[in-house]
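The working numbering puts the first residue of the sequence shown at 1, with every later residue one more than the last.
These notes concern the structure reproduced below.
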Amino acid sequence: MLTAQAIWSRAPLLPVAIGLVAGILIDQDFQPQPLIHAIAAGLGAVAGIAFRRRRDLLPHVAVVLVAAGAGGMLHFARSRLLPPLSIALDATDDRPIVRIRGVVSSAPRVVSDREHPFARWIARDERTVFVLDVESIEGESGFIPRTGRIRVVVREAVLRLAQRSRVELFGRLYPLMPPENPGVYNWASYNRREGIMAGMTCLHRENVRALASAPISDVGRWVLAYRRAARELLTGDLAASEQQSGLLDAMILGHRSILDRQINDVFIRAGIIHFIAVSGVNVAIVMMLARTLFRTLGGTVRQSTFAMIAAAVLFAILTEPRPPVLRACVIGIVYGLAVLLGRARYQLNWVCATVILLALIDPSMIFDVGYQLSTAAVIGVVFLTPVVQRAGNGAAALIGFNRDSAFWRLPRASVGLDRFWGWSARWHALRVHIAHTLATAAAVALAAWLMGSPIVAWHFYRIQLWGAVATLMIFPLVSLAMALGFAKLILSMLLPTLAVWIGYPLLGTEWLLIRAADFFAGLPLSSAVVARPPTWLVIVYYAWMTLLMIRFRRRNASETGHPARGAGTAVLQDSHEQTSVHGRRAFDVMLMLLAVVVLVGSLDWLGGRSVPRDLRATFLSVGAGTAVVLELPDGHVALYDAGTSSAYDVGRQTIVPYFQSRGIRRIDTIYVSHANLDHFSGLPSIAEGVRIGEVVVNEHFPYGEGAPSHVRHLLMLLGENGVPVRVMRPDQSTWKAGEVTFERLWPVGNEHSKLAANDASTVLRVSFAGRSILLPGDIQYAAQQAIIRRGDVASDVLMLPHHGGVQANTGAFIDAVGANLLIRSHYQSWEDTDNGLKNLTGGRRVFSTADVGAVQITIRPDGQLGVSTFAAGTASPAFGVTQWAEQE
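Written out as structure tokens, the structure is:
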């Protein structure tokens, strides 16, 4: 077992890396004053001087303290401290309409909504998206200098716009806001990590005026031409489908912006998205291909290493300048330098050097999921692979699957048969080598999966059980495709005729790759939805993994005195130097205890989401639309409507992420109030991401041949996903789910056979423990008046009908319900509401999803009613403290 002192001696950069990461995390989460960081660094420096002659942990702790202070100050300076001329300061001025000049720093992309499930029935919203390096903003006396980057969205297609164009924009500037709903990816944090400080919206292409082109260096011009030529040489002459062409561009050139969403989703479900994300795996393949080529041509180890470094640099230039690519290339280059300097066997030290270098380049990078997965994968491959190999050898020996078994004697016995057929012993050795190589590859894939799975579960609420197997099986196809792709790029410049012939096996490999991804994506539990793992469980899991890697490390050549063996044939031994028998036993006991904790905690976490004893109703923020999630005390999950009038896929981008964040794998019932698109546009995507028990509509919902085209399209998509649709009986007015009562207050019976679509909305009252929530859909004057006349509509919470629209009797309807809590689901803020609704609420508390994000109503078994809002506007959005109201 390796002692702490031995670890420090072999990896002197480890305390620096730990301190830098800790300081960045502290500054991000607690945001202390920079003076606190300076004090911590000063105390660490004083302690380091005082304890410099000691040989215990104190000097290393001092180094950690100094690095933590430095990391905190670095993160503060890069992420929290805004320069006086920052454009972000202007964005906070109540979304001003401004005129800005700057340089287009990213390739403009025209984005459309053609992949929306109801693209034919929504207003086509072509948008041009790009990043602008701001130069100035117009003030009262002319243009004033400004700095920073902004994300620009032009609401029309702007075709005559290119990277490095200098433009003048007229539009609305706004600050970057965190998500308004649980589970939704925090794009604001991502953009800030990219250096983007604000956003801007321009309504028309005429709001973009071209100026004189920005000056560009010869190197920059060469890089742009290099990338354009590479893309043309790769796919310009291939008769490839759009899916294949986009996959080639993404996997080889890093152009993910044109990747087909369906292919992207397939690779996500299969657990192999890292192959097309252009990160560590792709860079490793490129460096491996360069090394293999030079070794085949007779190059030395040193020459091959130089070739690997050069390949990583050229690949970084070739691809889009995105952080995952640059990060992976930095890791590869640092490893190559470690090999050249003879320090490659001290793996932990060069991994720490990479962490330090990337933290210095961009301290916010450690919060990026790609950075976390890349670092975890590297650590797993380097340090956990020997543990996996040792465990595999132990398991094989346990079942009699060892070198003395018949399985291993069979290849040796077959040598005579080989000679009979004219095969040499070299062929037998090759087969054995292939077997060992496959075993090592399996260990590497499993080690990377074990290290990365908690991160995937934390960020994406998924466990991809087949991820390691899929990675192992598809890796040869990806390697072959990338080798053929780079060969085509090179030959297209030298021998174009031969390059055309390489295109055929390249397309065949791509076709096989897509089919293989489809196969793994379709396996049971290929991408199981889980709740976010508890923080304590993730910490304990990685602590256990760390102790395993320390306890069962592989001894390298410097420790054994023998030549270093390859990863597939390395002898795995314990290192017992400087460690007593009692110390090893205590260490082993700690390992066993942590293993038990991880096992029990994982079973509890994976056993299913914790079902509260309360009734929870979550009103998601979906703009002008409705999506209300009902989580009942008995575990039953219902959804009331799932749509929006905004031109985005609300099911895929908002509702499904919420279910994933809660660990909800099945929706028992979805109630669709009426046949308007803004109340069911998200259903097809929900059906693809979550199991649905049934969809329930009332008898006025158009069904059959006479239904509108968008309704028929909905029914067809639901049928393709095997979702049954049930029509309520006209006399069905009350039903129960456990202790929760559902009442259909409208429509009533057959007395209204001809209702407008909005007035035909199913009005549900959900009651529990003496409290009730009224969900009225889009009912308007006629239905509201009929409900007022019938009476018995009293409720504690009312979702305002028709998204807060005002009818002549809306005030009377609100008074008849008598709710003290009103919820408005709309994109318009309460402050900007000018339709008279404010005067009708009578001083009641109103929560608008446009202002506070998702709203969650909780009813306890004792009748207490609470409301909490999703804290939009904070660095780490979450539901705030629940405000409780006593039973009246």
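C-beta: ideal position from N, C-alpha, C; glycine also.
Note that this is a predicted model, so its numbers are computed, not measured.
Under 8 angstroms by Cβ, that's how I've got E631 and L247 pegged, so tell me the actual separation to the nearest angstrom. Here residue 631 corresponds to residue number 631 of the sequence shown, with the count starting at 1. Here residue 247 corresponds to residue number 247 of the sequence shown, with the count starting at 1. Their Cβ separation, rounded to whole angstroms, is 39 angstroms, which puts E631 and L247 out of contact at 8 angstroms.
Give me whichever residues DSSP pairs with V110 in a beta bridge. For the purposes of this step, residue 110 is taken as the residue at position 110 of the sequence shown. DSSP lists T128 as the bridge partner or partners of V110.
Boundaries of the beta strand (DSSP E) in which V628 is found, first to last residue: Within the sequence shown, residue 628 is the residue found at index 628, counting from 1. 625-631 is the extent of the beta strand (DSSP E) around V628.
Grouping DSSP H, G and I as helix and E and B as strand, with all else coil, what is W121? Mapped onto the sequence shown, residue 121 falls at position 121. Helix.
How far does the beta strand (DSSP E) with A638 in it extend, from its first residue to its last? Locating residue 638 in the sequence shown gives position 638, counting from the first residue. Element bounds for A638: 637-644.
Identify, in the order they occur along the chain, each residue of the same chain with its Cβ nearer than 8 angstroms to the Cβ of I272, setting aside the five sequence neighbours on each side. Residue numbering aside, residue 272 sits at position 272 when the sequence shown is read from its first letter. Short of 8 angstroms from the beta carbon of I272, and not among the five residues preceding or following it, lie these beta carbons of its own chain, in chain order: G467, A470, T471, I474, A517, F520.
Please report how far the alpha carbon of A557 lies from the alpha carbon of G299, in whole angstroms. Locating residue 557 in the sequence shown gives position 557, counting from the first residue. Locating residue 299 in the sequence shown gives position 299, counting from the first residue. The predicted model places A557 with a pLDDT of 37, which falls under 50 and marks its position as unreliable, so this point remains unresolved.
Checking the sheet assignment: what are the DSSP bridge partners for E773? As a first step, residue 773 must be located in the sequence shown, where it is residue number 773. Note on identity: in this sequence residue 773 is Ile, with Glu being the wrong assignment. Answer is V766, V797, bridged to I773.
For the pair the region 601-608 and the region 738-758, tell me if three or more CB-CB distances fall below 8 angstroms. By the Cβ rule, the region 601-608 does not count as touching the region 738-758, because fewer than three pairs are nearer than 8 angstroms.
According to DSSP, which residues form a beta bridge with K736? Your numbering for residue 736 matches position 736 in the sequence shown. T741.
Since G342 contacts M287 with CB under 8 angstroms, what's their CB separation in whole angstroms? For the purposes of this step, residue 342 is taken as the residue at position 342 of the sequence shown. For the purposes of this step, residue 287 is taken as the residue at position 287 of the sequence shown. Contact doesn't hold; Cβ gap of about 19 angstroms is too wide.
Beta strand (DSSP E) containing S848: first to last residue? Position 848 of the sequence shown, counted from the start, is the residue given in the question as residue 848. From DSSP, the beta strand (DSSP E) with S848 extends over 845-848.
G623 to N181 span [Cα, whole Å]: The sequence position of residue 623 within the sequence shown is 623, counting from 1. The sequence position of residue 181 within the sequence shown is 181, counting from 1. Looking at the two C-alpha atoms, the distance is approximately 12 angstroms.
Which first and last residues belong to the alpha helix (DSSP H) in which F315 is found? Taking the sequence shown and counting its residues from 1, the one referred to as residue 315 is at position 315. Counting along the chain, F315 sits inside the alpha helix (DSSP H) bounded by residues 301-318.
According to DSSP, simplified to helix, strand and coil, what is I366? As a first step, residue 366 is located in the sequence shown; it is residue number 366 there, counting from the start. In the structure shown, I366 sits in a helix (DSSP, three-state: H, G or I).
Just to confirm, are I36 and V64 a CB contact at a threshold of 8 angstroms? Walking along the sequence shown from the start, residue 36 turns up at place 36. Walking along the sequence shown from the start, residue 64 turns up at place 64. Using a Cβ distance threshold of 8 angstroms, I36 and V64 do not count as a contacting pair.
First through last residue of the beta strand (DSSP E) which encompasses D668: Working through the sequence shown from its first residue, we reach residue 668 at position 668. D668 -> beta strand (DSSP E) spans 666-671.
Status (buried if at least 16 other CB within 10 Å, exposed otherwise) for L961: Any question about residue 961 goes unanswered here, given that the chain covers just 1 to 888.
On the three-state DSSP scale, how would you describe S9? Walking along the sequence shown from the start, residue 9 turns up at place 9. Reduced to three states, the DSSP call for S9 is helix.
Which term fits I144, buried or exposed, when burial requires 16 or more other beta carbons within 10 angstroms of its beta carbon? For the purposes of this step, residue 144 is taken as residue 144 along the sequence shown, with counting starting at 1. Label assigned to I144: exposed.
Determine the DSSP secondary structure at F870, reduced to helix, strand or coil. In the sequence shown, residue 870 corresponds to position 870, counting from 1. F870: strand per DSSP, three-state reduction.
Can you say whether F267 is buried or exposed, counting buried as having 16 or more other CB atoms within 10 angstroms of its CB? Residue numbering aside, residue 267 sits at position 267 when the sequence shown is read from its first letter. Classification for F267: buried.
Just to confirm before moving on: does the CB-CB distance between V890 and R824 stay below 8 angstroms? The structure shown does not extend to residue 890, since the chain spans only 1 to 888, so no value can be given for it.
Look at the Cβ atom of A443, then the Cβ atom of G392, and state whether they are nearer than 8 angstroms. Sequence index remark: in the sequence shown, residue 443 carries index 443 (1-based). Sequence index remark: in the sequence shown, residue 392 carries index 392 (1-based). In this structure, the beta-carbon distance from A443 to G392 falls below 8 angstroms.
Identified DSSP bridge partners for V855: Locating residue 855 in the sequence shown gives position 855, where the first residue counts as 1. DSSP, once it has assigned bridges, lists F619, T869 as partnering V855.
Are the Cβ atoms of V697 and V672 separated by less than 8 angstroms? As a first step, residue 697 is located in the sequence shown; it is residue number 697 there, counting from the start. As a first step, residue 672 is located in the sequence shown; it is residue number 672 there, counting from the start. Yes.
My understanding is that I150 touches M73, with C-beta atoms under 8 angstroms, so please give their C-beta distance in whole angstroms. The residue labelled residue 150 in the question sits at position 150 within the sequence shown. The residue labelled residue 73 in the question sits at position 73 within the sequence shown. In this structure, I150 and M73 do not form a Cβ contact; the two beta carbons are roughly 26 angstroms apart against a cut-off of 8 angstroms.
Please classify G905: does DSSP put it in a helix, a strand, or coil? The structure shown has nothing for residue 905, since the chain only spans 1 to 888.
DSSP on A229, reduced to helix/strand/coil? Residue 229 sits at position 229 when you count from the first residue of the sequence shown. Three-state result, A229: helix.
Can the beta-carbon of L169 be found less than 8 angstroms from the beta-carbon of V158? Sequence index remark: in the sequence shown, residue 169 carries index 169 (1-based). Sequence index remark: in the sequence shown, residue 158 carries index 158 (1-based). Not a contact, by the Cβ cut-off of 8 angstroms.
In three-state DSSP terms, what is W746? Position 746 of the sequence shown, counted from the first residue, corresponds to residue 746. Three-state DSSP puts W746 in a strand.
Using only the alpha-carbon positions, how far apart do I361 and C329 sit? Numbered from 1 along the sequence shown, position 361 holds the residue referred to as residue 361. Numbered from 1 along the sequence shown, position 329 holds the residue referred to as residue 329. One C-alpha to the other measures close to 13 angstroms.
What's the C-alpha gap between H436 and L224? As a position in the sequence shown, residue 436 is number 436, starting the count at 1. As a position in the sequence shown, residue 224 is number 224, starting the count at 1. Our two residues, H436 and L224, have alpha carbons roughly 44 angstroms apart in a direct line.
Cβ atoms of A627 and G693: under 8 angstroms apart, would you say? Here residue 693 corresponds to residue number 693 of the sequence shown, with the count starting at 1. Here residue 627 corresponds to residue number 627 of the sequence shown, with the count starting at 1. Judged by their CB atoms, G693 and A627 are not nearer to each other than the 8 angstroms cut-off.
Can you tell me whether I361 is helix, strand or coil according to DSSP? By one-based count along the sequence shown, residue 361 stands at place 361. The three-state secondary structure of I361, taken from DSSP, is helix.
Which runs of the beta strand (DSSP E), 3 residues or longer, sit entirely within the region 27-109? Qualifying beta strand (DSSP E) stretches, in chain order: 97-104.
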